[in-house]
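Every letter in the sequence shown is one number past the one before it in numbering that gives the first Met the number 0, and letter 185, counting from 1, is 184.
Where a beta carbon is used, it is the ideal one built from N, C-alpha and C, also for glycine.
Computed from a predicted structure; not experimentally measured.
What follows is a set of notes on a single structure, which appears directly below.
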Amino acid sequence: MGKMNTIKLACKFVARPIREFVTKPAIRQINVYLYYVKHSKVQEKAVFLESYHAVNLTGNVYAMYQKMVQEYPDYTYYWAYKDKDTIPADIMADTKRHRVYLVKYESRQYMKALATSKYLINDTSFMPYFIKRDGQRYLNTWHGTPLKTLGLDIKGSGRADHKNIQRNLLAADVLAMPNKFTAEHLITSHDLNGIFPNEVYITGNPRVDNLLGTLVSEDTQALKERLGLPAEKIILYAPTWKKDVEYTTEADILQLLNEVQRLQERVPSGYKVFLKVHYFIYDKLVKMGYGDQLISNAIDTNTLLRGVDVLITDYSSIFFDFLPIKRPVIFYVPDKDSYAQNRGFYKPLDTLPGLVTDKFDQLLNDCNQKYFDSWAKTYEQQYNDYQTEFLSYDDGQATERAVQVLFEESSSVEQLNFNNNKKKLLIYAGGFYNNGITNSIINLSRNFDTNKYELVFVDYPRMRPEKEYNMSRLPGSVHFIFSFSWATRTFFDTYNQNTSYHFGFNSKLVNQNKMKATYQLNFRRIFGNFMPYEAIDFGGYNKAITGLFALSPVPKKVVFLHNTMWDEYNKIVNGRYKHRKNLRVTFTYYQYFDKIISVSQSADKQNREDLSQYADSAKFTWVENLVNGAEIEKELSEVKQQVDNGDSLIELTKTETPSGIITTQLFHPVDQNYFNFVTVARLSPEKNHLGLIQAFKLVHDNYPKTRLYIVGDGPIRLEVEQLISGLGLDESVFMMGFLQNPMKFVSFTDYVVLPSVTEGQGLAIIEALLAHKPVVGTDVAGIQDVIKGGRFGLLSGKNAVANPNSLANTLALSIETKDSIKYVKTVKEPLKIFHAETQVDGQWITSSDDWKNPDIILGNDNNGRAFVEIKHVESYPNYAVFIDGKRAAQNSQLAHYDVQSDVAIMVVLDMEQQVCFERFDWRDYNRNALNEFETRAIL
Numbered sequence: 000m001g002k003m004n005t006i007k008l009a010c011k012f013v014a015r016p017i018r019e020f021v022t023k024p025a026i027r028q029i030n031v032y033l034y035y036v037k038h039s040k041v042q043e044k045a046v047f048l049e050s051y052h053a054v055n056l057t058g059n060v061y062a063m064y065q066k067m068v069q070e071y072p073d074y075t076y077y078w079a080y081k082d083k084d085t086i087p088a089d090i091m092a093d094t095k096r097h098r099v100y101l102v103k104y105e106s107r108q109y110m111k112a113l114a115t116s117k118y119l120i121n122d123t124s125f126m127p128y129f130i131k132r133d134g135q136r137y138l139n140t141w142h143g144t145p146l147k148t149l150g151l152d153i154k155g156s157g158r159a160d161h162k163n164i165q166r167n168l169l170a171a172d173v174l175a176m177p178n179k180f181t182a183e184h185l186i187t188s189h190d191l192n193g194i195f196p197n198e199v200y201i202t203g204n205p206r207v208d209n210l211l212g213t214l215v216s217e218d219t220q221a222l223k224e225r226l227g228l229p230a231e232k233i234i235l236y237a238p239t240w241k242k243d244v245e246y247t248t249e250a251d252i253l254q255l256l257n258e259v260q261r262l263q264e265r266v267p268s269g270y271k272v273f274l275k276v277h278y279f280i281y282d283k284l285v286k287m288g289y290g291d292q293l294i295s296n297a298i299d300t301n302t303l304l305r306g307v308d309v310l311i312t313d314y315s316s317i318f319f320d321f322l323p324i325k326r327p328v329i330f331y332v333p334d335k336d337s338y339a340q341n342r343g344f345y346k347p348l349d350t351l352p353g354l355v356t357d358k359f360d361q362l363l364n365d366c367n368q369k370y371f372d373s374w375a376k377t378y379e380q381q382y383n384d385y386q387t388e389f390l391s392y393d394d395g396q397a398t399e400r401a402v403q404v405l406f407e408e409s410s411s412v413e414q415l416n417f418n419n420n421k422k423k424l425l426i427y428a429g430g431f432y433n434n435g436i437t438n439s440i441i442n443l444s445r446n447f448d449t450n451k452y453e454l455v456f457v458d459y460p461r462m463r464p465e466k467e468y469n470m471s472r473l474p475g476s477v478h479f480i481f482s483f484s485w486a487t488r489t490f491f492d493t494y495n496q497n498t499s500y501h502f503g504f505n506s507k508l509v510n511q512n513k514m515k516a517t518y519q520l521n522f523r524r525i526f527g528n529f530m531p532y533e534a535i536d537f538g539g540y541n542k543a544i545t546g547l548f549a550l551s552p553v554p555k556k557v558v559f560l561h562n563t564m565w566d567e568y569n570k571i572v573n574g575r576y577k578h579r580k581n582l583r584v585t586f587t588y589y590q591y592f593d594k595i596i597s598v599s600q601s602a603d604k605q606n607r608e609d610l611s612q613y614a615d616s617a618k619f620t621w622v623e624n625l626v627n628g629a630e631i632e633k634e635l636s637e638v639k640q641q642v643d644n645g646d647s648l649i650e651l652t653k654t655e656t657p658s659g660i661i662t663t664q665l666f667h668p669v670d671q672n673y674f675n676f677v678t679v680a681r682l683s684p685e686k687n688h689l690g691l692i693q694a695f696k697l698v699h700d701n702y703p704k705t706r707l708y709i710v711g712d713g714p715i716r717l718e719v720e721q722l723i724s725g726l727g728l729d730e731s732v733f734m735m736g737f738l739q740n741p742m743k744f745v746s747f748t749d750y751v752v753l754p755s756v757t758e759g760q761g762l763a764i765i766e767a768l769l770a771h772k773p774v775v776g777t778d779v780a781g782i783q784d785v786i787k788g789g790r791f792g793l794l795s796g797k798n799a800v801a802n803p804n805s806l807a808n809t810l811a812l813s814i815e816t817k818d819s820i821k822y823v824k825t826v827k828e829p830l831k832i833f834h835a836e837t838q839v840d841g842q843w844i845t846s847s848d849d850w851k852n853p854d855i856i857l858g859n860d861n862n863g864r865a866f867v868e869i870k871h872v873e874s875y876p877n878y879a880v881f882i883d884g885k886r887a888a889q890n891s892q893l894a895h896y897d898v899q900s901d902v903a904i905m906v907v908l909d910m911e912q913q914v915c916f917e918r919f920d921w922r923d924y925n926r927n928a929l930n931e932f933e934t935r936a937i938l
């Protein structure tokens, strides 16, 4: 059977990459592209040109081409196209008289030209597989001054909708911008202001040179004859198309054509109305048989505009291009209110240099000679304002400047800087799940000195409600870059990667050099020219990200361990190893990090021992997580105010949607007639909820006026619920689910319990201390550092994680001492607690590090029965013995207790000793933790 399984696994291993290659065209395309990236040299005198995703060959890219093909005739030019009918006649002619080649979009020839041309020019973006190689110089011109909002500025935009434009901007060595306004809004709306590493020049729009006639010597009459336009004056109707192509119906098309016909009927004699549609919709109209009523996509718009006398448009950037020749413009915006609400504008519409109307009848009435003749005077001020802000570089020399910055031939072109001198920290936060890792990075990010650091998070673009919420909790100053699409791996790279994912990166079966090269190519694909000061894998569980960071060219790298990782490696959830598949790979990358950072000193000690085979011990250190003290204090103040007001329901959260719908989540405070325990933790095996419930059952049987509240959600929820019902605790243990602001609820309880089997630190009990709640924790790494031997709470016996009876004793003690707790600045002597257990064979196991008191006797009588006895009982009038969650009756004459096998014992010699806990100073704690981070994690 074992042999058959091995054969099946081997077959799957071989078959999966083949199946992926055969069934996914995108993978085959990437393989072709990567072949040329890896095996072909960059051609020094080659220029690759792509405009509007190769839908047409016009605009800024076309203008630059016109200039270059004349001034650099010995260069080779590759033009990307989708449809040969859209190729301008002069480019077709150039293929016969110059070294100009047309390459079909995403064909093999396209992939080769993209991978090997030294100079790359685009006005939008290349596809996600594109990697700007060493030796290539990529210039992006963008495609016009934006009146409509871009990127993240678009109302209702998804957090990652802008991801490929952002990626292209990072890859572009040069941005040739029409004006400062466009540069600022393009870079800021794509979340790059402050971290943008590339050159930004204000060149003006090269395409406007065709409007002004500085690239081709040709009068208007000759232009019209060449383009096949009538001698009449021309009114160009150029509306923005707002529907997706697949949702455009014939009725939509007919309405548009009807508008053109009605305009033609009303305009003054001697004018001819032409329709220019967006390239997104052009093909749709042609396929529906209306091509003869359109301006061809093969005609460059700015060349056409030189022959246009009046422009009717809406929000399209075409009007910015048209303004330099000072001819009339009308803005027909039928959906201006909804568009403003759903997308937004950068400039108020009433500042536009022309009539703005949302009524077609008004457009018909005012599209007349009187308006045309008076336009310049009527809108003189608006025109001058736009000329100053947007058009000062549209002087007929924009193409010259753009070509100069492409070839690095001039230093006189105005340059802008969108980078700063702060240290850029690239961080992977673990996916922003509802867990302690997420809370920790949020708390950390809120405490960073924004004058010293820029925090740049990398994540995957797929969103979930919890992820959206947690990302929104980060400061507005942080940045996000998204890793998406197929990774940069060839067919054989896939086998190499899969081998490393199965056996680990350090396996002899893995070609480590090729694997490293693959990761570094993907790093360049994702981040372009952005190179952070340091890469921080704060999540620590994602093998792909850990590998990407470990093998990246970033000079400084650290990885965080949020738990005792060998315990995580062996953790079983629902019958399966939860993290083994990832961690067996992740561990093998540790040697490539400069620092391996646990989140507590005790966890560091254990990780250092457990993981010594994977990295040098000197690389291990610890940095404690920060707490969000200010927000919790604010929450508790709000709760107090509501209690003081006599409110019976307490507000937990209040959210408001963009449409103004407010949702409030309320809760009833817990019944103060009960002793209320609460635990706040993800429902996962290592948090030991099952052990806590069993311990609580013992306590509840002895102290019926007790309740337990479980705050959190996770993979073992059903198992937890079943145990609660199975033990008959449905009326005493309550599942609260995930709460966004749990400390509001916690503030009404008596004790916070964290019964973890393993723990990196135990942020939940630190937050409980901040809320002035006493805590009970198991004696494991992480929690040990928080409770500090009883200074901040009660620590259970060392075997409490395996024996709920031991934890039950500590819970019982918390009930017995509830009225004697005192908070002090410094605890001189914590309450002395002695833990022990009897085995099935009656043997004793001590569970306290300081079991040294000779007056506490653990023994066995002549019959082998176990007993505990306190000698000199007169010296301990206030002693207490707890057995399996119950305080035993006191005997002042003879403190001798026979016990059964397999029970837990806890002895407190002086119950009258004040139970003292230190007040938790979160400000001092955060200062120390932040200093730890800056001195240990930032290298």
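Three-way DSSP call (helix, strand, coil) for residue i in this model
i: F406; result: coil
i: Q664; result: strand
i: M0; result: With a pLDDT of only 47 at M0, under 50, the local geometry of the prediction cannot be trusted, and no value is derived from it.
i: C366; result: coil
i: H478; result: strand
i: R18; result: helix
i: G527; result: coil
i: M742; result: helix
i: W940; result: Look at the range of the chain in this structure, 0 to 938, and you will see that residue 940 is not part of it.
i: W240; result: coil
Backbone CA spacing between residue i and residue j [nearest angstrom]
i: Y711; j: H667; result: First, the residue type needs correcting, since residue 711 is Gly and not Tyr in the sequence shown. About 17 Å.
i: G788; j: D133; result: 57 Å
i: G863; j: T498; result: 57 Å
i: Q386; j: F586; result: 60 Å
i: D897; j: K817; result: 28 Å
i: N890; j: P876; result: 9 Å
i: E720; j: F676; result: 17 Å
i: S484; j: Y128; result: 7 Å
i: P87; j: R206; result: 14 Å
i: T545; j: Y588; result: 7 Å
i: I820; j: L697; result: 23 Å
i: D923; j: I869; result: 42 Å
i: M0; j: H501; result: Summary for M0: the model assigns pLDDT 47, below 50, so the residue's position carries little reliability, and this model does not support an answer.
i: L707; j: S124; result: 56 Å
i: N167; j: T705; result: 60 Å
DSSP bridge partner residues for residue i (one or two, in chain order)
i: M734; result: I709
i: G858; result: F866
i: G776; result: L753 and L794
i: F273; result: L235
i: C915; result: K821
i: W621; result: S597
i: D536; result: Y427 and V558
i: L191; result: According to DSSP, which records beta bridges pairwise, L191 is partnered with nothing at all.
Whole-angstrom C-beta distance between residue j and residue i, which should lie under 8 Å
i: A903; j: E836; result: 5 Å
i: Y432; j: E465; result: 6 Å
i: T563; j: A602; result: 6 Å
i: E815; j: A879; result: 7 Å
Inset, instruction - Specify whether the segment 396–410 and the segment 429–443 touch according to this definition: at least 3 beta carbon pairs, one from each stretch, less than 8 Å apart. - result: With the cut-off at 8 Å, the segment 396–410 and the segment 429–443 do not touch.
Inset, instruction - Tell me, please, whether the segment 542–556 touches the segment 739–746 by the rule of three or more beta-carbon pairs shorter than 8 Å. - result: no
Inset, instruction - Count the CB pairs spanning the segment 322–333 and the segment 85–104 that are closer than 8 Å, and state whether there are at least three. - result: no
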